[in-house]
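Visitor: One structure coming up, written as structure tokens, with questions to follow.
Residue numbers (this note's numbering): 12 to 333.
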């Protein structure tokens with residue numbers, strides 16, 4: 012076997028349930044209903060919102076690549092030891108706006124050192140040790156969302172795109188949202204990574220800018236990167252993350268606005284399990300005549316490139332042509 016026909020690539024982990032849940036018909040049906048509902052209620056982009064939570068390990072940032080002289084084989088930089096977690100609930104709008112976050116911090120009491128002039132004052136900070144259930148946190152977020160979006164019974168109807176977590180579909184959550192003319196619209200289970208704007212185009216740069224903030228602090232010998240450091244930097248992290256263009260692209264690339272199921276279906280192909288060779292190649296039989304050998308060779312020359320990655324396919328075609 013010629014090893015130069017293959018290449019090494021780095022795999023990306025994805026939960027097995029996500030891989031096996033990529034049901035094209037489910038996505039197509041969801042988009043069909045979503046488009047019909049938005050059309051029926053004359054929903055405009057300023058009324059389409061998405062919310063979800065993401066977590067940060069406060070003082071932990073991955074290593075970074077640097078260019079050094081050839082004789083240097085290793086480089087070490089200071090690393091923050093603080094591993095406290097912060098959970099942030101973010102919400103965005105299809106016209107490119109973000110709303111103030113709900114931030115949950117590990118701890119039993121608020122510390123004066125957390126708060127600084129860089130914060131807008133509209134952030135809602137909660138303590139994890141307060142004993143809130145997921146359902147109670149969802150209701151707290153909903154009231155925060157209502158306040159900062161101006162939702163109300165006499166206001167235009169809003170769509171709130173969200174994951175299908177049970178805390179977002181409780182009767183209390185749905186009734187309160189409906190009272191304020193907000194329509195909770197959950198995504199199909201396990202498909203938020205291809206359909207949810209925050210997952211598709213926002214949370215990755217969010218983590219990137221948090222990493223940059225921690226690394227900058229380390230280079231400045233701010234080794235004790237703690238909750239106060241996080242609050243010092245969160246305003247700039249969010250400014251760098253929640254740019255108007257970034258948010259608009261996230262809605263576009265997820266197919267949420269403009270409404271386009273092809274965007275989600277295109278991403279599903281990336282995560283789809285590879286076609287099993289035994290299902291597609293069949294059991295080869297030994298040709299008995301020269302013409303059969305010629306036909307088989309042509310068959311495999313046409314078939315195999317479709318089963319290979321682009322670089323490997325190019326290598327195969329080059330080898331097959333001699």
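Even for Gly, the Cβ is constructed at its ideal location relative to N, Cα and C.
1) What does the Cβ neighbour count give for residue 123, buried or exposed, with the cut at 16 atoms within 10 Å?
2) In whole angstroms, what is the alpha-carbon distance linking residue 191 and residue 170?
3) With a 10 Å radius around its C-beta and 16 neighbouring C-beta atoms as the bar for buried, classify residue 249 as buried or exposed.
4) Quick one: residues in its chain with C-beta nearer than 7 Å to the C-beta of residue 264, no 5 flanking neighbours on either side, listed in chain order?
5) With DSSP collapsed to three states, give me the class of residue 263.
6) Report the residue ranges of all alpha helix (DSSP H) runs contained in full by the segment 130 to 189; include only those spanning at least 4 residues, in chain order.
7) If you follow the beta strand (DSSP E) that residue 67 is in, where does it begin and where does it stop?
8) CB-CB under 6 Å to residue 239, same chain, minus the five flanking residues each way: which ones, in chain order?
9) Determine whether the Cβ of residue 39 lies closer than 8 Å to any Cβ atom of chain D.
10) Does the segment 53 to 64 come close enough to the segment 93 to 106 that 3 or more CB-CB pairs lie under 8 Å?
11) Assign residue 36 to one of three DSSP states: helix, strand, or coil.
12) Would you kindly work out how many angstroms separate the C-alpha atoms of residue 201 and residue 184, rounded to a whole number?
13) When you compare the CB positions of residue 133 and residue 159, do they come within less than 8 Å of one another, or not?
Guide: Reading off the structure:
1) exposed
2) 11 Å
3) buried
4) 211, 212, 274
5) helix
6) 145 to 160
7) 59 to 68
8) 124, 125
9) The chain inventory of the structure shown lacks chain D, comprising one protein chain alone.
10) yes
11) helix
12) 21 Å
13) yes
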